[in-house]
Every structure is written in structure tokens, then in C-alpha cells.
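In full-length UniProt numbering, the protein residues as written are 1 to 333.
We treat Cβ as the ideally placed atom computed from N, Cα and C, and that holds for glycine.
Fair warning: this is a prediction, and the values are worked out from it, not measured in the lab.
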């Protein structure tokens, strides 16, 4: 976040770098920074002659350099944005000579998604010296809930911890996808209303009762009836509730439960810190630990790994999702 603030500050101050190389596994921040540069460096009148968007699939490094070397027309700068620049990865080092002596009136923005430059190569060192290298790192799943909370807080909204987990479970860790859903929520929900699982169910369509979060909770409590109802719902709606997601989440839960059993300090603060979970959910581990002794948890983790392989077609004899889910419940409870 500090890197983003620095880039925004220098753009706002009218002191942009000649090259912005935006790289990394998380495309959300790459898109946000390139859009900010696109929207804020030039006026609308200046953009017609001085702002160009190229695409990595349809261009070459030589063409990028040729455009970057042009002079602006009736403006202080020209902006050249190369989207999907990762498609130039085989020849990207050919940009070295330009990066060593960039055109001072050009702002060249390269959106190099899902990849990184080799720090040992000349291009990395040249851009580091003359321009700006920004790495957009993928957030871990346990970091996304806090990202959601902060994003909504910046818009004066509150969201419950359970609602955060529900969004992460359903949408994954794709920040762009999550942000789109948050934008939808803020359009229809006033800031005075806390975003809860009920609000999410109403406006996004994620079931507050039949989801992996509730299944994990029911299994932890050994609530067989509730777990069976959720599993039956999953079996009837396999596309919305893929088995691989369910088994992965439960494997994470029981692996963390194994860690919980190994702790000498079971205070909520320490458990939350060691397991990397929100303190709100520590009670789930306390309850589950009473229902599943350490030796049993170890056996469950082993069974879940075997079921994960079966879910991917290894030794499953064409088992469908309903059969896999029934076996999952049988192995655990």
C-alpha cells in the first residue's frame, strides 16, 4: 500500500517517473495504478493526441519504444500504457536501452501481470534506477477479510466478520472480483446498515445457510443433521459448490485444529495470531477441539487428502459429487 501511495503522490505533485513497471500476481493493483495514471496525468483535451494504449499480444517491444520516443503535442507529457505486457516476456529485455535513457516527456506504463522481472537482469536494474518498479503481491486468504473491511471502511461502511468470511469463501482471493461485488453492495445498501450475511444473501445471492463456512461450523460442532442438510444442498448444486473447494477448506480447518491442539497457550489472542484467523472465530476451534481429539484430527487430515485426490479423479471410480460428499461426512463424523 505504501508503494501505491507514493506513486499517487508523485502523480498528484506533477513529478511522474518516465517508466512505471507494474508487475506481480495480483492484477487488481496493477489495474488501479494504470487507471489512475490514465485518468490523472493528462486533461481530456490532451488525451486525444498524447495518450496511447497498446496490448502485449498485438505489439512488440520495438513498437513500444518507437511510441515512447515520440514527443507530446501541446502537452507537457504523453502517456503510453502497455496492457497485458506479460505477453512480451520473451523479448522484454530488449527494452533495456530505452530504460537506460528514457524519454523525459513520456510516461511509459507497463502492466506485466502474473509475472515478475528477474532482479539479476539489466532491465530490472535500469528501471529501478530511472523509473518505478511496483510488485503487486497476491494476498493470502487470511488477509483478504481485513482488505474487505478496510476497503468498506474507506467508504464509511461496516461489515461483520462472518460476512467477510462468506465473501472470501464464495469469491476467493481475486480482489477485482471482490471489489466489483462490494461496489454493487454500496450502491444498494446505505452506510448506516451493517453488511451482514443476510444482506449478502439478499443482494449478491450467496446463501447464508448453505455454504462451506456453515458446513465447517456444523462439522466442528458435530451437528450431523445440519451438516447433512448442507451436504445434500451441495450435491444438488454442484456447480455453485465444487467439491474441491469444500475439501480444501475443511483440510485447512483441521490442519489449523491440529496446530491448536499443539498450543500451550489457548488464549483467544494467541490462537488468532498463531492460526492466522480473526479472533471472532477462535471459539469455533475451541469447540471443535473438544469434539475431535488430536489423534482423531490427524486421521481426518489424512482422509481429506485422500478425498481430495478422489475429487480430482485419482482412484475414484467415477464417483459423483454426492458420493464424495457422503464419504467426506462419514470419514469426519
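I'd like the list of long-range same chain contacts for residue i, defined as Cβ closer than 7 angstroms, with 5 residues on each side in sequence excluded.
i           : result
residue 47  : none
residue 114 : 25 and 86
residue 207 : 201
residue 334 : The shown model of the chain, from 1 to 333, leaves out residue 334, and the question about it has no answer.
residue 71  : 105
With distances taken Cα to Cα, identify the nearest neighbour of residue i among the options.
i           : options               : result
residue 112 : 303, 265, 90 and 236  : 90
residue 215 : 276, 117 and 165      : 165
residue 188 : 194, 203 and 177      : 203
residue 290 : 260, 299, 273 and 136 : 260
residue 136 : 152, 233, 110 and 158 : 110
residue 161 : 155, 142 and 154      : 142
residue 107 : 120, 16 and 57        : 16
residue 74  : 45, 127, 210 and 30   : 45
residue 298 : 323, 321 and 252      : 252
residue 116 : 88, 140 and 329       : 88
Check residue i in the structure and name its three-state DSSP category.
i           : result
residue 41  : coil
residue 106 : strand
residue 271 : helix
residue 14  : coil
residue 206 : coil
residue 35  : helix
residue 23  : strand
Please classify residue i: is it buried, with 16 or more other beta-carbons within 10 angstroms of its beta-carbon, or exposed?
i           : result
residue 286 : exposed
residue 101 : exposed
residue 311 : buried
residue 76  : exposed
residue 149 : buried
residue 308 : buried
residue 145 : buried
residue 56  : buried
residue 293 : exposed
residue 53  : exposed
Can you find the residues in the same chain that come closer than 8 angstroms, C-beta to C-beta, to residue i, ignoring five residues on each side of it along the sequence?
i           : result
residue 93  : 121, 122 and 123
residue 84  : 55, 56, 57, 111 and 113
residue 138 : 24, 25, 26 and 173
Here's a check: name, in chain order, each residue in its chain whose Cβ is nearer than 6 angstroms to the Cβ of residue i, leaving out the five neighbours to either side.
i           : result
residue 243 : 311, 321 and 324
Any contact between the region 216 to 229 and the region 179 to 198? By contact I mean 3 or more CB pairs, one from each, below 8 angstroms. The region 216 to 229 makes no contact with the region 179 to 198, as fewer than three CB pairs between them are under 8 angstroms.
Should the region 38 to 45 be called in touch with the region 5 to 23, which here means at least 3 C-beta pairs below 8 angstroms? The region 38 to 45 vs the region 5 to 23: in contact.
Stretch pair the region 234 to 248 + the region 190 to 200: three plus CB contacts closer than 8 angstroms: Segments in contact, no.
Do the region 269 to 276 and the region 301 to 311 meet, that is, are 3 or more Cβ pairs less than 8 angstroms apart? Look at the beta carbons and you see the region 269 to 276 not touching the region 301 to 311: under three pairs across the two are nearer than 8 angstroms.
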